[in-house]
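Residue numbers (this note's numbering): 19 to 219.
Okay, structure first, notes after.
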């Protein structure tokens with residue numbers, strides 16, 4: 019997570035308004051990660067902080083997508099989706115408690131990001147740009163689509179298998195770590211593609 023933060027900080031002045039907002043999110047992510055490690059180092063329970071991250075992440079991602087896609091339908095649907103997600107997340111927290119619903123909040127958060135990122139990939143492809151792999155929004159959407167799809171599969175569908183067989187759990191964590199590293203490398207790369215300016219709204 020340090021890599022996209024460092025790349026974004028280095029290229030900050032060259033970024034558009036949406037990408038500066040995305041840098042703010044990368045900074046927030048890094049702060050959450052530092053907080054999780056500090057609590058873990060102090061042998062303190064940190065699952066509550068992870069649940070808050072699962073609330074913040076899709077809201078930041080959807081808002082970023084709203085900044086680069088000004089279609090009235092998308093902006094309206096995404097806004098209602100954000101409000102609905104806050105209500106659902108709050109319902110889970112009130113019913114189960116913020117300390118014990120990490121699996122549920124992770125699944126809902128990643129599903130929302132997965133669908134939104136899939137839509138943005140289609141949206142950017144339909145715009146007919148010649149080099150999508152120099153397009154910042156496409157790279158970010160691709161990274162989130164990859165990360166969220168793997169997270170949903172590993173922690174929702176295969177979670178029960180991992181609970182039965184510990185060997186699967188180690189494989190699961192290894193795969194997730196590799197995808198996490200790949201996603202952060204793509205985020206860092208997106209900041210370095212600042213020559214491909216996106217229109218700010």
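Every residue, glycine too, gets a C-beta built ideally from N, C-alpha and C.
Note that the structure is predicted; figures quoted are calculated from it, not measured.
Here residue 115 carries a coil assignment [DSSP, helix/strand/coil]. Straight-line spacing of the CA atoms in residue 168 and residue 194 works out to 7 Å. Here DSSP, grouped into helix, strand and coil, assigns residue 19 to coil. Contact between residue 156 and residue 139 holds, with the beta-carbon distance rounding to 7 Å and staying under 8 Å. Under the three-state reduction of DSSP output, residue 51 falls in the helix class.
Per DSSP, reduced to three states, the secondary structure at residue 69 is helical. Following the DSSP letters along the chain, one finds residue 165 inside the alpha helix (DSSP H) bounded by residues 154-170.
Excluding five sequence positions before and after residue 46, the CB atoms of its chain that fall closer than 8 Å to its own CB belong to 74, 78, given in chain order.
At least 8 Å separates the beta-carbon of residue 164 from that of residue 208.
If the five residues before and after residue 23 are omitted, its C-beta is found closer than 7 Å to the C-beta atoms of 44, 45, 48, all from its own chain and listed in chain order.
At the C-beta level, residue 71 and residue 50 come within 8 Å of one another.
By the Cβ neighbour-count rule, residue 69 is buried, with 16 or more other Cβ atoms within 10 Å of its own. Closest in C-alpha terms to residue 125, from the list 170, 162, 159, 32, comes 170.
Selection 205, 59, 149, 196 evaluated against residue 158 yields 205 as nearest (Cα-Cα). Residue 144 carries a helical assignment under DSSP once its states are collapsed to helix, strand and coil.
Three or more beta-carbon pairs separated by less than 8 Å are not found between the stretch 53-66 and the stretch 31-45, which leaves the two stretches without contact.
Less than 8 Å separates the beta-carbon of residue 162 from that of residue 135. By alpha-carbon distance to residue 64, the top candidate from 88, 116, 146, 32 is 116.
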